[in-house]
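Since the structure comes first, as structure tokens, the remarks are kept for the end.
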Amino acid sequence: MTFCLGIKTKNGIVGLSDTRITSGNETTSSKKVFTVNKKKHSFFIMTSGLRSVRDKAITYFSEMIELKDDNFTKMYQAVNEFGNQVKIVAKEDKAFLEDAGFQFNLFSIIGGQLEHDTEPKLYLLYPQGNWIEIRKGTPFVIIGNTGFGNPVLKRSLTYEDSLDYALKCAFLAFDATRISANDVDFPIDTVVLKNGEYFTKERRFEQKELEHISNFWNNRLKNAIEELPSEALSSAVRDEEQLVQNP
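With this note's numbering, the residue at position 69 of the sequence shown is 1064, and numbering never jumps.
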């Protein structure tokens, strides 16, 4: 499984992905982020699904970027082109993969800004090649293992938040997933694209660099639970204790 997350704020885009690859009993690490920084063309692609499908689609897309990069002036055009390459891979490999018991299940988060975009754009691309744009109403998208990070983001994140705050939320969403699922883990890769900068900043973090944040968050959660205004809940405990004492 994978954890990849994209967040859109009024100040730009943040992305985070884990690097764990699980195949049977074997566990390895591999980069799941592909980035492009050329003049006023800056974007990234994060994927979940079969590694072989991802690598083939990225390879085809990279060749198209070399040939047609100047033809793309808005992000949706680049997203369409990557979708076309995914469709080509599907035509070539989908039937064979399904015959072997594998699903053609490449989901992609694509974010960036090209010269005619007024701001960075964020998209979710489906395996069929169609896409949706991520907007301010729900300013994030997760692919892969989605269940554990969603509550963190829904409780804490808004479109108006700073990139620094958004990255903290992204890490906590990853951390919630990491401790709940054994197929998501460090190292993690982050990408940050600020409005109008046309340069995606990429960074890798090992567990030892961020473990203190996880510990800090765990302690704060425990303290917050202790401090909850929970008189109503506590009455249920007291009532139960009284029943035990006075059968």
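Here a beta-carbon is modelled for each residue, glycine too, at the ideal position from N, C-alpha and C.
Let's test the definition: count the other Cβ atoms within 10 Å of the Cβ of residue 1002 and tell me whether it reaches 16, buried, or not, exposed. Within the sequence shown, the letter at position 7 stands for residue 1002. Counting Cβ neighbours within 10 Å, residue 1002 comes out buried, since at least 16 surround it.
Under three-state DSSP, which class holds residue 1114? In the sequence shown, residue 1114 corresponds to position 119, counting from 1. Three-state DSSP puts residue 1114 in coil, outside helix and strand.
Mind checking which residues open and close the beta strand (DSSP E) that includes residue 1194? Working through the sequence shown from its first residue, we reach residue 1194 at position 199. From DSSP, residue 1194 is part of no beta strand (DSSP E); its letter is neither H nor E.
Evaluate residue 1065 with the Cβ neighbour count: other Cβ atoms within 10 Å of its Cβ, from every protein chain shown; 16 or more gives buried, anything less gives exposed. Taking the first residue of the sequence shown as position 1, residue 1065 is located at position 70. Exposed, because fewer than 16 other Cβ atoms sit within 10 Å of the Cβ of residue 1065.
What residues match up with residue 1119 in a beta bridge as DSSP calls it? As a position in the sequence shown, residue 1119 is number 124, starting the count at 1. Paired residue(s): 1104 and 1127.
Looking at the structure shown, is residue 1163 part of a helix, part of a strand, or coil, going by DSSP? For this step, residue 1163 is matched to residue 168 along the sequence shown. In the structure shown, residue 1163 sits in a helix (DSSP, three-state: H, G or I).
Of all the options 1073, 998 and 1173, which has the alpha carbon lying nearest to the alpha carbon of residue 1031? On the sequence shown, position 36 is the one that residue 1031 refers to. Comparing Cα-Cα distances from residue 1031 to each of 1073, 998 and 1173, the minimum goes to 1073.
Starting from residue 1054, trace the beta strand (DSSP E) both ways and give me its first and last residue. The residue you call residue 1054 lines up with position 59 of the sequence shown. That residue, residue 1054, is in no beta strand (DSSP E); its alpha helix (DSSP H) goes 1046–1063.
Residue 1188 beta carbon less than 8 Å from that of residue 1107: What you label residue 1107 is simply residue 112 of the sequence shown in a count that begins at 1. What you label residue 1188 is simply residue 193 of the sequence shown in a count that begins at 1. Yes; because the gap between Cβ atoms is below 8 Å, this pair is in contact.
Within 10 angstroms of its Cβ, does residue 1009 collect 16 or more other Cβ (buried), or is it exposed? Locating residue 1009 in the sequence shown gives position 14, where the first residue counts as 1. Per the 10 Å Cβ criterion, buried.
Let's test the definition: count the other Cβ atoms within 10 Å of the Cβ of residue 1228 and tell me whether it reaches 16, buried, or not, exposed. One-based indexing of the sequence shown puts residue 1228 at position 233. Counting Cβ neighbours within 10 Å, residue 1228 comes out exposed, since fewer than 16 surround it.
Would you mind stating whether residue 1039 and residue 1186 have Cβ atoms separated by less than 8 Å? Locating residue 1039 in the sequence shown gives position 44, where the first residue counts as 1. Locating residue 1186 in the sequence shown gives position 191, where the first residue counts as 1. It is a contact, given that the beta carbons lie within the stated cut-off.
Helix or strand or just coil, what does DSSP make of residue 1035? As a first step, residue 1035 is located in the sequence shown; it is residue number 40 there, counting from the start. Of the three classes helix, strand and coil, the one that applies to residue 1035 here is coil, per DSSP.
Of all the options 1111, 1120 and 1037, which has the alpha carbon lying nearest to the alpha carbon of residue 1078? The sequence position of residue 1078 within the sequence shown is 83, counting from 1. With distances taken between Cα atoms, residue 1078 lies closest to 1120.
For residue 1089, which of helix, strand or coil comes out of DSSP? Numbered from 1 along the sequence shown, position 94 holds the residue referred to as residue 1089. Correct three-state label for residue 1089: helix.
Please report the straight-line C-alpha distance between residue 1069 and residue 1114, rounded to a whole angstrom. Start at 1 with the first residue of the sequence shown, and residue 1069 comes out as number 74. Start at 1 with the first residue of the sequence shown, and residue 1114 comes out as number 119. About 10 Å.
Identity of the residue in 1208, 999 and 1109 nearest residue 1027 by Cα: Your numbering for residue 1027 matches position 32 in the sequence shown. Of 1208, 999 and 1109, the residue nearest in Cα terms is 999.
Nearest-angstrom beta carbon gap, residue 1084 and residue 1051 [assumed within contact, 8 Å]: Looking up residue 1051 in the sequence shown gives position 56. Looking up residue 1084 in the sequence shown gives position 89. Indeed, because the Cβ distance is near 5 Å, the residues count as touching under 8 Å.
What residue range is occupied by the uninterrupted alpha helix (DSSP H) comprising residue 1175? Within the sequence shown, the letter at position 180 stands for residue 1175. For residue 1175, there is no enclosing alpha helix (DSSP H), as DSSP marks it with neither H nor E.
Assigned secondary structure, residue 1152 (DSSP; H/G/I helix, E/B strand, else coil): For this step, residue 1152 is matched to residue 157 along the sequence shown. In this structure, residue 1152 counts as coil in the three-state DSSP scheme.
State the Cα-Cα distance for the pair residue 1013 and residue 1222, rounded to the nearest angstrom. Position 18 of the sequence shown holds residue 1013. Position 227 of the sequence shown holds residue 1222. Looking at the two C-alpha atoms, the distance is approximately 33 Å.
Taking the straight line between their C-alpha atoms, what separation do you get for residue 1004 and residue 1197? Indexing the sequence shown from 1 puts residue 1004 at position 9. Indexing the sequence shown from 1 puts residue 1197 at position 202. Cα-Cα distance, rounded: 18 Å.
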